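Residue numbers (this note's numbering): 21 to 253.
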């Protein structure tokens, strides 16, 4: 299929899908398609902030949620290339003495590689309630784990001596010219030009901004924000 036919097909698909929805329930989206590092299609639909009628554009900032994890992977690979860690290292080499004493089994059997490929068998998303047990022998099965990426975030911070946001800014965001990218923290509760979800009020005529709780995804497993232009970089 030629680029022109693909673009036409995608445009028709988006137009037809959105036409079939009532205006009130239409999602607000930014779409960018690139082939061989060349942008062949861009389209922006709706408002990033419906209360302010701020239209979505190429620089509108979205929460990446679990797409954040790929940047954690990059950080681990970068540190390994610098000789600062090995993916076969166990957690005991990096985590606090308090964690090691509380979870000795996990600390001695779970390796960085297990966290990366979701084969650690870890439960729970809250480290303070994490029990010293796994669903299976680490490395033997697949089980999606946000906890694993929270631990990878901590490993990056321990090894680099930087908080995650500063580390990613120095080694990824700045080198690749990603000017809108940011990692959530308590100093960035208000992110400028950000897209929000929204929900109807009881009268079905008015809306309020609706957002995930900050605790639903911490920094390493889902707390990176950026625009579609930055993501393309």
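Glycine included, each C-beta is placed from N, C-alpha and C at the ideal position. Quick caveat, the model's predicted, so the values are computed rather than measured.
Of the listed residues 201, 238, 173, nearest to residue 250 (C-alpha basis): 201
Can you tell me which of the three DSSP states residue 52 falls into? strand
Residue interval of the alpha helix (DSSP H) (run including residue 187): 184 to 188
The segment 134 to 152 / the segment 61 to 69 touching (three or more Cβ pairs under 8 Å): no
What are the start and end residues of the beta strand (DSSP E) that includes residue 247? 244 to 247
Straight-line CA distance for residue 82 to residue 102? 31 Å
Anyone know if the C-beta pair for residue 187 and residue 176 falls short of 8 Å? yes
Supposed close pair residue 53, residue 30 - CB separation, criterion 8 Å: 7 Å
Residues near residue 122 in its chain [Cβ-Cβ closer than 6 Å; skip 5 each side]: none
Considering only the beta carbon of each residue, do residue 132 and residue 109 sit closer than 8 Å? yes
Distance, Cα to Cα, residue 246 vs residue 161? 32 Å
Whole-angstrom Cβ separation of residue 168 and residue 140, contact assumed at under 8 Å? 5 Å
Determine the direct distance from the alpha carbon of residue 138 to that of residue 91, and round the result to whole angstroms. 15 Å
Could you tell me the alpha carbon to alpha carbon distance between residue 56 and residue 27, rounded to whole angstroms? 15 Å
Skipping 5 residues on each side, what residues in its chain have a beta carbon closer than 8 Å to that of residue 107? 96, 100, 131, 132, 133, 136
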